[in-house]
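Engineer: Please find one structure pasted underneath; my questions will follow.
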Amino acid sequence: MKLRLLAAALAATVVLPLGIANAADLEVTHWWTSGGEAAAVAELAKAFDATGNHWVDGAIAGSGGTARPIMVSRITGGDPMGATQFNHGRQAEELVQAGLMRDLTDVATKENWKGIIKPASLLDSCTIDGKIYCAPVNIHSWQWLWLSNAAFKTAGVDVPKNWDEFVAAAPALEKAGIVPLAVGGQPWQANGAFGVLMIAIGGKDVYQKVFSDKDAEAAAGPEMVKVFKAADDARRLSKGTNVQDWNQATNLVITGKAGGQIMGDWAQGEFQLAGQKAGTDYTCLPGLGVNEIISTGGDAFYFPLLKDEEKSKAQEVLASTLLNPATQVAFNLKKGSLPVRGDVDLAAANDCMKKGLDILAKGNVIVSTDQLLSADSQKQMEDLFSEFFATPTMTPEDAQKRFVDIIAAAD
Amino acid sequence: MTGQANAGRPNQLLRNLHAKIASIPMILTAVVIFLGGTLWTVFYSFTNSKLLPRLSFVGLDQYERLWAAPRWLVSIQNLAIYGVFSLIFSLVIGFLLAALMDQKIRFENTFRTIFLYPFALSFIVTGLVWQWILNPEFGIQSVVRSLGWSTFTFDPLYNPNIVIYGILIAALWQGTGLVMCLMLAGLRGIDEDIWKAARVDGIPMWKTYLFIIIPMMRAVFITTLVIIASGIVRVYDLVVAQTSGGPGISSEVPAKYVYDYMFQAQNLGQGFAASTMMLITVAIIIVPWAYLEFGGRKRG
Numbered sequence: 001m002k003l004r005l006l007a008a009a010l011a012a013t014v015v016l017p018l019g020i021a022n023a024a025d026l027e028v029t030h031w032w033t034s035g036g037e038a039a040a041v042a043e044l045a046k047a048f049d050a051t052g053n054h055w056v057d058g059a060i061a062g063s064g065g066t067a068r069p070i071m072v073s074r075i076t077g078g079d080p081m082g083a084t085q086f087n088h089g090r091q092a093e094e095l096v097q098a099g100l101m102r103d104l105t106d107v108a109t110k111e112n113w114k115g116i117i118k119p120a121s122l123l124d125s126c127t128i129d130g131k132i133y134c135a136p137v138n139i140h141s142w143q144w145l146w147l148s149n150a151a152f153k154t155a156g157v158d159v160p161k162n163w164d165e166f167v168a169a170a171p172a173l174e175k176a177g178i179v180p181l182a183v184g185g186q187p188w189q190a191n192g193a194f195g196v197l198m199i200a201i202g203g204k205d206v207y208q209k210v211f212s213d214k215d216a217e218a219a220a221g222p223e224m225v226k227v228f229k230a231a232d233d234a235r236r237l238s239k240g241t242n243v244q245d246w247n248q249a250t251n252l253v254i255t256g257k258a259g260g261q262i263m264g265d266w267a268q269g270e271f272q273l274a275g276q277k278a279g280t281d282y283t284c285l286p287g288l289g290v291n292e293i294i295s296t297g298g299d300a301f302y303f304p305l306l307k308d309e310e311k312s313k314a315q316e317v318l319a320s321t322l323l324n325p326a327t328q329v330a331f332n333l334k335k336g337s338l339p340v341r342g343d344v345d346l347a348a349a350n351d352c353m354k355k356g357l358d359i360l361a362k363g364n365v366i367v368s369t370d371q372l373l374s375a376d377s378q379k380q381m382e383d384l385f386s387e388f389f390a391t392p393t394m395t396p397e398d399a400q401k402r403f404v405d406i407i408a409a410a411d
Numbered sequence: 001m002t003g004q005a006n007a008g009r010p011n012q013l014l015r016n017l018h019a020k021i022a023s024i025p026m027i028l029t030a031v032v033i034f035l036g037g038t039l040w041t042v043f044y045s046f047t048n049s050k051l052l053p054r055l056s057f058v059g060l061d062q063y064e065r066l067w068a069a070p071r072w073l074v075s076i077q078n079l080a081i082y083g084v085f086s087l088i089f090s091l092v093i094g095f096l097l098a099a100l101m102d103q104k105i106r107f108e109n110t111f112r113t114i115f116l117y118p119f120a121l122s123f124i125v126t127g128l129v130w131q132w133i134l135n136p137e138f139g140i141q142s143v144v145r146s147l148g149w150s151t152f153t154f155d156p157l158y159n160p161n162i163v164i165y166g167i168l169i170a171a172l173w174q175g176t177g178l179v180m181c182l183m184l185a186g187l188r189g190i191d192e193d194i195w196k197a198a199r200v201d202g203i204p205m206w207k208t209y210l211f212i213i214i215p216m217m218r219a220v221f222i223t224t225l226v227i228i229a230s231g232i233v234r235v236y237d238l239v240v241a242q243t244s245g246g247p248g249i250s251s252e253v254p255a256k257y258v259y260d261y262m263f264q265a266q267n268l269g270q271g272f273a274a275s276t277m278m279l280i281t282v283a284i285i286i287v288p289w290a291y292l293e294f295g296g297r298k299r300g
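Which chain is which? The protein sequence lines are C and Y, in order.
Sequential numbering from 1 applies to the first sequence in my numbering.
Sequential numbering from 1 applies to the second sequence in my numbering.
So this is what it looks like as structure tokens:
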């Protein structure tokens, strides 16, 4: 018994140069449950288990909207997990302010997160009152149009190179019995698609003015009229999608039943899992092929304040494991997202990821809406756009009027 | 009244002491959790609490925003449609089934089991089953189309104008079995002699049901009404499983608004305001009814 304990302790010291001899079970909650996502999170678990600790998987099905309330009520209700996923931004803001989250500043300074995490805005959204409360793991951008090459071949038209060509090619797709644009029924999908159209059609300035400065005048302006016009097109093209989840909608594109989908780069994990190849089986257009700009939202892990000392130590280990270069590469290749550190080698990345890395290197980035808007404003926008996409009788003018109200009231 | 009783019998408080002690936990639960929780919710609905409750009062702002929100108005409208129809249909269908069952038919046990069986399923399972049945790709529509009617369209869950009826169908399928059983129990409680007397007088069967049996089953009807009504106000899981409020916001219900704004939007104040409105709605229905039901009896 004693011998075995000693051996375990020795083994742990070998693996952990930080000198932590105690291993602990850490429950990690997240909402990565689609095929590609599950494969990616398994990489994180593997890396953490290799440190001698144990990753207890706490996957919550049903995407962020379902999972976040469960996570928040567990933390506020006094049953915190070891670590939990949130999106970069303001989702955990109040939990931090209420003192329920753990300060990671020590780990961050020791490992020089300030120097390695690119773009810096990621770490900024983890920082509240000068202290760092989360470990970013990836960069996800919303601004992608995924196209099925097979669907366009069936319809007898070339694969479009931008949004306008896509809209022009739509009648041919419809004639071939293919839904031009797949938009799932979950409210955040319609909202996200609108955000993408806003960057692509309206441009960076309008986006900044409306979401960052909450400028109601800009929201009512002529640039936004164009965006709502494009949203009207998207609504018309998405008629007949009849699926709920985003990965079901992606699956329509994979199987050639739909022409394309506006979805974040997490959709890429699904294409990869289905054995499809970027360029030959599917095409990706960042910024809808109009404005090649990507937003740098993504996922971060937050660590609730725990009483158990061993678990607290394991939290530090997990935080540093997540940002380890090897973990970053393995995880992000499976997830289809971009790594948060600029100094890792992504030679194995496919065409679409390389396009993303290029845009990132050029600095054509914007801060994501998760970081700019409160959950409350986002929910109101979700309500508005899910209604807009499902109600053909709602005019773009009406929708814009309500959009202006939401922006005017946003905090 | 209490004072008088105390004067007559000074140990009034100590009567049935064991029973009183035994019920203390339940009384505490009711007062602290139900009443206390309700008051707390109403109180905080006047603040601008976000993710965590905080005491900064904003007056009636949350209520103004609530009644200006299109989604809340749609929710209220849906609840009204769903409520009225599910009340009428589950009572009518439930009673008809029970009356048919009461005709001394063969295999009554089997039928009763079949009709009651859906009630054993949760709303989530019911919702998923009906989501599939009503799905145009592989449900009723595709079956009928494959039989030759190629233009047949039946997709209530994907049509914003009728989606609430799609949910109603599933709710009726799940709930009428229970109503039937309650009614059947009521019918069995009617004395056989009343039937014989009606037959001797030559009253047709439907008239006997309508004018004699139903008035005699008043108590059963009230029990059933309460059970159905409480199910209507808190309808949530069925909607989540079948449509999750879609298409768009056309099948939203108040309970879902409360949940979404409290937890997803991290805006407790707004959620509390909505749940307070739900409480008031229920009170408006329950109070006059309770007054008639119990107040009337005391006078008579």
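Think of the CB as a built atom: it goes at the ideal place given N, C-alpha and C, for glycine as much as any other residue.
What is the DSSP secondary structure of Val28/C, reduced to helix, strand or coil?
Structural biologist: Position 28 of the first sequence, counted from the first residue, corresponds to residue 28/C. Correct three-state label for Val28/C: strand.
Engineer: Only counting the same chain, and skipping five residues up and downstream in sequence, which positions put a Cβ closer than 7 Å to that of Pro119/C?
Structural biologist: Numbered from its first residue, the first sequence carries residue 119/C at position 119. The answer, listed in chain order, is Thr296 and Val365.
Engineer: Spatial neighbours of Leu162/Y within its chain, please: C-beta separation below 8 Å, excluding the five flanking residues on both sides.
Structural biologist: Numbered from 1 along the second sequence, position 162 holds the residue referred to as residue 162/Y. It is worth fixing the name first, because residue 162/Y is Ile in this sequence and not Leu. Excluding sequence neighbours, Ile162/Y sits near Pro156.
Engineer: DSSP state of Ser63/C, grouped into three classes?
Structural biologist: As a first step, residue 63/C is located in the first sequence; it is residue number 63 there, counting from the start. Looking at Ser63/C - three-state DSSP - the assignment turns out to be helix.
Engineer: State yes or no: is the beta carbon of Pro204/Y nearer than 8 Å to at least one beta carbon in chain A?
Structural biologist: Among the chains of the structure shown, chain A does not appear; the protein chains present are C and Y.
Engineer: Under three-state DSSP, which class holds Val196/C?
Structural biologist: As a working note, residue 196/C is residue 196 in the first sequence. Note: Val196/C maps to helix in three-state DSSP.
Engineer: Just the C-alpha distance for Ala21/C and Leu123/C, rounded to the nearest angstrom, thanks.
Structural biologist: Counted from its first residue, the first sequence places residue 21/C at position 21. Counted from its first residue, the first sequence places residue 123/C at position 123. Caution applies to Ala21/C, whose pLDDT of 46 falls short of 50 and renders its modelled position unreliable; the value that the coordinates give is listed next. Their Cα atoms are separated by approximately 29 Å.
Engineer: Taking only three categories from DSSP, how would you classify Tyr257/Y?
Structural biologist: The residue given as residue 257/Y occupies position 257 in the second sequence. Three-state DSSP puts Tyr257/Y in a helix.
Engineer: Step through the CB atoms of chain C and report whether any lies within less than 8 Å of the CB of Lys256/Y.
Structural biologist: For the purposes of this step, residue 256/Y is taken as residue 256 along the second sequence, with counting starting at 1. Output row for Lys256/Y: interface = no.
Engineer: Out of Ala390/C, Glu316/C and Val225/C, state which residue places its alpha-carbon closest to the alpha-carbon of Lys110/C.
Structural biologist: Against the first sequence, residue 110/C aligns to sequence position 110. Checked all of Ala390/C, Glu316/C and Val225/C; the closest Cα to Lys110/C is Glu316/C.
Engineer: Assuming Val210/C and Ile407/C are in contact, meaning their beta carbons sit under 8 Å apart, how far apart are those beta carbons, in whole angstroms?
Structural biologist: The residue given as residue 210/C occupies position 210 in the first sequence. The residue given as residue 407/C occupies position 407 in the first sequence. 6 Å between Cβ atoms; contact.
Engineer: Look at the Cβ atom of Leu338/C, then the Cβ atom of Asn332/C, and state whether they are nearer than 8 Å.
Structural biologist: Here residue 338/C corresponds to residue number 338 of the first sequence, with the count starting at 1. Here residue 332/C corresponds to residue number 332 of the first sequence, with the count starting at 1. Result yes, Cβ atoms of Leu338/C and Asn332/C sit closer than 8 Å.
Engineer: Roughly how many angstroms lie between the CA atoms of Ala42/C and Ala249/C, to the nearest whole one?
Structural biologist: Position 42 of the first sequence, counted from the first residue, corresponds to residue 42/C. Position 249 of the first sequence, counted from the first residue, corresponds to residue 249/C. About 24 Å.
Engineer: Within its chain, find whatever has a CB closer than 7 Å to the CB of Ser377/C; leave out the 5 residues flanking it on each side and keep chain order.
Structural biologist: Position 377 of the first sequence, counting from 1, holds the residue named residue 377/C. Correct list, in chain order: Ile406 and Ala410.
Engineer: If I'm right that Ala330/C touches Phe86/C with Cβ under 8 Å, what's the distance once you round it to whole angstroms?
Structural biologist: Stepping through the first sequence from its first residue, residue 330/C is reached at position 330. Stepping through the first sequence from its first residue, residue 86/C is reached at position 86. Contact flag wrong, Cβ pair sits at about 22 Å.
Engineer: Does the region 74-93 of chain Y come close enough to the region 251-267 of chain Y that 3 or more CB-CB pairs lie under 8 Å?
Structural biologist: Contact between the region 251-267 of chain Y and the region 74-93 of chain Y is present, because at least three Cβ pairs lie under 8 Å.
Engineer: Determine whether the beta carbon atoms of Glu37/C and Lys335/C lie at a separation below 8 Å.
Structural biologist: Walking along the first sequence from the start, residue 37/C turns up at place 37. Walking along the first sequence from the start, residue 335/C turns up at place 335. For Glu37/C and Lys335/C, yes; Cβs fall inside 8 Å.
Engineer: Along chain Y, in chain order, which residues have C-beta atoms closer than 7 Å to that of Ser386/C?
Structural biologist: What you label residue 386/C is simply residue 386 of the first sequence in a count that begins at 1. Within 7 Å Cβ-Cβ: Gly246, Gly248 and Ile249.
Engineer: Does Ala265/Y come within less than 8 Å of chain C when only Cβ atoms are used?
Structural biologist: The residue given as residue 265/Y occupies position 265 in the second sequence. Chain C, which has a Cβ nearer than 8 Å to the Cβ of Ala265/Y, makes this yes.
Engineer: Ordered along the chain, which non-local residues of its own chain (more than five positions away) have a Cβ less than 7 Å from that of Asp245/C?
Structural biologist: Here residue 245/C refers to the residue found at position 245 of the first sequence. Only Gly184 and Gln186 meet the Cβ criterion.
Engineer: For Pro136/C, name the three-state secondary structure that DSSP assigns.
Structural biologist: The residue labelled residue 136/C in the question sits at position 136 within the first sequence. Strand at Pro136/C.
Engineer: Considering only DSSP beta bridges, list what Thr296/C is partnered with.
Structural biologist: Translated into the one-based positions of the first sequence, residue 296/C becomes position 296. Beta-bridge pairing links Thr296/C to no other residue.
Engineer: Provide the residue span of the alpha helix (DSSP H) that contains Ala220/C, from first to last.
Structural biologist: Your numbering for residue 220/C matches position 220 in the first sequence. Note, Ala220/C: alpha helix (DSSP H), Ala216 to Ala220.
Engineer: Using DSSP with H/G/I as helix, E/B as strand and the rest coil, what is Gly36/Y?
Structural biologist: Within the second sequence, the letter at position 36 stands for residue 36/Y. Helix.
Engineer: Is it right to say Phe46/Y is buried, meaning 16 or more other beta carbons lie within 10 angstroms of its own, or is it exposed?
Structural biologist: Along the second sequence, read from residue 1 onward, the residue named residue 46/Y stands at position 46. Buried, by the Cβ-count rule.
Engineer: Alpha helix (DSSP H) containing Leu184/Y: first to last residue?
Structural biologist: Within the second sequence, residue 184/Y is the residue found at index 184, counting from 1. Note, Leu184/Y: alpha helix (DSSP H), Val163 to Arg188.
Engineer: Looking at Arg235/C and Phe403/C, is the spacing between their C-beta atoms short of 8 Å?
Structural biologist: Translated into the one-based positions of the first sequence, residue 403/C becomes position 403. Translated into the one-based positions of the first sequence, residue 235/C becomes position 235. Cβ atoms of Phe403/C and Arg235/C: not closer than 8 Å.
Engineer: When the Cα atoms are used, what is the spatial distance from Leu51/Y to Ser63/C?
Structural biologist: By 1-based counting over the second sequence, the position of residue 51/Y is 51. By 1-based counting over the first sequence, the position of residue 63/C is 63. Each residue's Cα considered, the two are about 19 Å apart.
Engineer: Shortest alpha-carbon distance to Leu238/Y belongs to which of Ser122/Y, Met277/Y and Ala290/Y?
Structural biologist: In the second sequence, counting from the first residue as 1, residue 238/Y sits at position 238. Per the Cα distances, Ser122/Y.
Engineer: When you compare each of Gln91/C, Gly82/C and Gly259/C to Tyr171/C by their alpha carbons, which one comes out closest?
Structural biologist: Locating residue 171/C in the first sequence gives position 171, where the first residue counts as 1. The question names Tyr, but residue 171/C is Pro in the sequence shown. Closest by alpha carbon: Gly259/C.
Engineer: Quick check on Asp201/Y - is its C-beta less than 8 Å from some C-beta in chain C?
Structural biologist: Reading the second sequence from its first residue, position 201 is the one you call residue 201/Y. Not one chain C Cβ lies under 8 Å of Asp201/Y.
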